[in-house]
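Per this note's numbering: the sequence shown ends with 459, consecutive numbering throughout. One structure is given below, encoded as structure tokens.
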Amino acid sequence: MSAPRGQFSSKLGFILAAAGSAVGLGNIWGFPTQTASNGGGAFVVVYFVLAFMLAYPALMAELIIGRHARANVVTALGSISSSRFTRLAGTAVGYYGVVIASLILSFYTIVAGWMLAHLIEPLTTALGLSNISAWLTQNSVARNLATAATFALITMWIIARGIENGIEKWSTRLMPMLFAILLLLIIYVMTRPGAMEGLAVYLVPDWSRVTDPGLIIDALGQAFFSLSLGVGTMLVYGSYLSKRENLPGIGVIVTLVDTGIAFIAGLLIIPSIYVAKHYGTTIFTETGELIAGPDLIFQVLPTLFSSMGEIGLVAAFAFFTLMSIAAVTSSISMLEVPVSTAVEQTGLSRPRITYVIGTVIFAISALLIFNFPALFVFVIDLTTKYSEPLLGVAFCLFAGWVLHRDKLLAELKQGSPEVESGIFWKVWPLYVRVVCPVLILVTFFHSVGA
Ligand code: PFF
């Protein structure tokens, strides 16, 4: 219980770590493809509105509870409660969050392994090792196990080093790289034929879709997943943040970086798809929809890269480096949820606990790999579609109803003394108590019933 707690050493370190958690495969792959298949700019507009009106207040709920309780998600939710019932409920919600974070990591690790495979492939191709290249790019149990294990080890290695030397150091190194690679790739793709057609599909809004319930549900789910909400990740990161920092301001920056990078990623992915079309690749499914699933990343884009000759190898390497970086900074934040809980509850050493928990989660990944058709999509739906929104509601209710108003205000005033007279304090408590839970639940039941 009394293990010393780590802390982020600077505001920038925290912002890059939280943005690193938020910016992941969901931004670079999920957001652009959802936009293209949901009415282009109309989806972008709805997404931005929901991200700031619903996801941002929920993000603040997690950050505030975390920084106030200075503990892992289980202890934090239990300790802010004053009655026996809410204490039990908080502990249960906390454990549920730990399980869901671990399950998300188990499938994320598999997808990230695919990214690593495609990252190494241009190197083996350049070296003339065509057998290895073929092995890396063809789907097989052995390939999936090997690349997922490699990725899991990288994640464990970073988390074992702790907050400042692990999470903060690597997020601070990797996030600027991610941004630079993204910009360079966009500049390159924009000069290719077909890019402008893609840009139009991405940006020209089909306003008739704005009120489409399906679009709104997709946008809300995307906003929550993208900001890593509902599983305690942001709560735990918040618990390592100094009391000197201004929480509402930091929350706005993290939301802006996350939505901004999702938007910028769209400027890369959608035009790339249309460049591929220009070079003769099929980009629509038989039913006329844009190919958006794994085929997009592992077939359409690689075909495009290979049609570009030598430079295609560099582009492929850069693109899959970008995807791998995005995946690493997100996966470390997921592993931190169970690790911080176990370290603080058992008092055992962080490295040992990290490798034990990391191995258990990798065993779940292996189970998914062996039973791919039956389990893979099931676990994704169970975690992202059903559990994350409900847990998000629980975090809002705990921040809004269980954490006493005086304590809430006191916590917010640390680092931002003027908050009491500002707009945030006037609007946010109502939002987090009523508006967010109701809207999340309405959207949830709509999507589950749909
Ligand atoms: N935000 C990440 C993405 O957009 O890919 C995914 C994610 C990270 C979800 C961390 C949940 C989490 F705890």
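Glycine is no exception: its CB is placed at the ideal position from the N, C-alpha and C atoms.
V447 classed as buried or exposed, judged by whether at least 16 other C-beta atoms fall within 10 angstroms: Translated into the one-based positions of the sequence shown, residue 447 becomes position 438. With fewer than 16 Cβ atoms within 10 Å of its Cβ, V447 is classed as exposed.
Through-space distance from V32 to I119, alpha-carbon basis: In the sequence shown, residue 119 corresponds to position 110, counting from 1. In the sequence shown, residue 32 corresponds to position 23, counting from 1. C-alpha separation (whole angstroms): 18 Å.
Rounded C-alpha distance that separates A383 from R96: By 1-based counting over the sequence shown, the position of residue 383 is 374. By 1-based counting over the sequence shown, the position of residue 96 is 87. Distance between the alpha carbons of A383 and R96 is about 36 Å.
Boundaries of the alpha helix (DSSP H) in which S88 is found, first to last residue: Stepping through the sequence shown from its first residue, residue 88 is reached at position 79. Note, S88: alpha helix (DSSP H), V82 to S88.
Cβ-Cβ separation, M165 to W437 (assumed contact under 8 Å), whole Å: Taking the first residue of the sequence shown as 1, we reach residue 437 at position 428. Taking the first residue of the sequence shown as 1, we reach residue 165 at position 156. Incorrect: roughly 37 Å between the Cβ atoms, too far for contact.
Minimum C-alpha distance to I366 - residue among I292, V108, I334 and S180: Start at 1 with the first residue of the sequence shown, and residue 366 comes out as number 357. Nearest C-alpha to I366: V108.
Distance CB(V428)-CB(P257) smaller than 8 Å: In the sequence shown, residue 428 corresponds to position 419, counting from 1. In the sequence shown, residue 257 corresponds to position 248, counting from 1. It is a contact, given that the beta carbons lie within the stated cut-off.
Lining residues of ligand 1 - beta-carbon closer than 6 Å to any non-hydrogen atom, in sequence order: S30, A31, G33, L34, G35, N36, A110, I113, F234, S235, S237, V240, T242, S339, S342 and M343
Through-space distance from A85 to M10, alpha-carbon basis: Walking along the sequence shown from the start, residue 10 turns up at place 1. Walking along the sequence shown from the start, residue 85 turns up at place 76. Because M10 sits at a pLDDT of 43, beneath the cut-off of 50, its placement in the model cannot be relied upon, and the following sentence gives the value as read from the coordinates. In a straight line, the C-alpha of M10 is about 13 Å away from that of A85.
Bounding residues of the alpha helix (DSSP H) (the contiguous stretch that carries L21): The sequence position of residue 21 within the sequence shown is 12, counting from 1. That run of the alpha helix (DSSP H) goes K20 to A31.
Backbone secondary structure at F17 - three-state DSSP: Indexing the sequence shown from 1 puts residue 17 at position 8. Note: F17 maps to coil in three-state DSSP.
Residues that DSSP places opposite F466 in a beta bridge: Residue 466 lies beyond the stretch modelled for the chain, which goes from 10 to 459, so this question has no answer here.
Candidates F328, M243, Y65 and I300: closest to F23 by CA position: Within the sequence shown, numbered from 1, the residue matching residue 23 stands at position 14. Of the candidates F328, M243, Y65 and I300, the one whose C-alpha sits nearest the C-alpha of F23 is M243.
Whole-angstrom distance between G247 and F17, CA atom to CA atom: For this step, residue 17 is matched to residue 8 along the sequence shown. For this step, residue 247 is matched to residue 238 along the sequence shown. Straight-line Cα distance between these residues: approximately 9 Å.
Where N174 falls: helix, strand or coil (DSSP): In the sequence shown, the residue the question calls residue 174 occupies position 165. In the structure shown, N174 sits in a helix (DSSP, three-state: H, G or I).
V443: first and last residue of the uninterrupted alpha helix (DSSP H) it sits in: Your numbering for residue 443 matches position 434 in the sequence shown. Neither: V443 is in no alpha helix (DSSP H) and is coded neither H nor E.
Bounding residues of the alpha helix (DSSP H) (the contiguous stretch that carries N140): Counting from one through the sequence shown, the residue named residue 140 turns up at place 131. Residues S139 to T146.
Counted within 10 angstroms of its Cβ, other Cβ atoms place S349 as buried (16 or more) or exposed: To locate residue 349, count along the sequence shown from 1; it is residue 340. Result: buried.
Coarse secondary structure for N153, derived from DSSP in three states: Working through the sequence shown from its first residue, we reach residue 153 at position 144. In the structure shown, N153 sits in a helix (DSSP, three-state: H, G or I).
Neighbour-count burial assignment, P303, 16 or more Cβ in a 10 Å radius: In the sequence shown, counting from the first residue as 1, residue 303 sits at position 294. It is exposed - the Cβ of P303 has fewer than 16 other Cβ atoms within 10 Å.
S237 vs S396 beta-carbon contact at 8 Å: Sequence index remark: in the sequence shown, residue 237 carries index 228 (1-based). Sequence index remark: in the sequence shown, residue 396 carries index 387 (1-based). No, the pair does not count as a contact, with Cβ atoms beyond the cut-off.
Minimum Cβ-Cβ distance from Q354 to chain C less than 8 Å: The structure shown has no chain C; it contains just one protein chain.
Pick from S115, G106 and N148 that is closest to A126, judged by C-alpha positions: One-based indexing of the sequence shown puts residue 126 at position 117. A126 has its Cα closest to that of N148, out of S115, G106 and N148.
Three-state class that DSSP yields for P280 in the structure shown: Indexing the sequence shown from 1 puts residue 280 at position 271. In this structure, P280 counts as helix in the three-state DSSP scheme.
Same chain, Cβ closer than 7 Å to I306, neighbours up to 5 away in sequence not counted: Within the sequence shown, residue 306 is the residue found at index 297, counting from 1. Hits under 7 Å: W38.
Endpoints, alpha helix (DSSP H) assigned at D227: On the sequence shown, residue 227 is found 218 positions in, with the first residue counted as 1. Unbroken alpha helix (DSSP H) run through D227: P222 to S235.
Local Cβ density within 10 Å of P66, reported as buried at 16 or more and exposed below that: Start at 1 with the first residue of the sequence shown, and residue 66 comes out as number 57. It is buried - the Cβ of P66 has at least 16 other Cβ atoms within 10 Å.
For M10, three-class secondary structure by DSSP: The residue given as residue 10 occupies position 1 in the sequence shown. The pLDDT assigned to M10 is 43, lower than 50, so where the model puts this residue is not dependable, and the model offers no usable value.
Proximity of G106 and V240 at Cβ, strictly below 8 Å: To locate residue 106, count along the sequence shown from 1; it is residue 97. To locate residue 240, count along the sequence shown from 1; it is residue 231. Yes.
C-alpha distance - F314 paired with R79, whole-angstrom precision: The residue labelled residue 314 in the question sits at position 305 within the sequence shown. The residue labelled residue 79 in the question sits at position 70 within the sequence shown. Each residue's alpha carbon lies about 47 Å from the other.
The segment 337-355 touching the segment 110-117, judged by at least three CB pairs closer than 8 Å: yes
Run of the alpha helix (DSSP H) containing K469, from where it starts to where it stops: In the structure displayed, the chain extends from 10 to 459; residue 469 sits before or after that span and is not available.
Closest residue to R152 among S430, A271 and A375 (Cα-Cα distance): Position 143 of the sequence shown, counted from the first residue, corresponds to residue 152. Considering only alpha carbons, the answer is A375.
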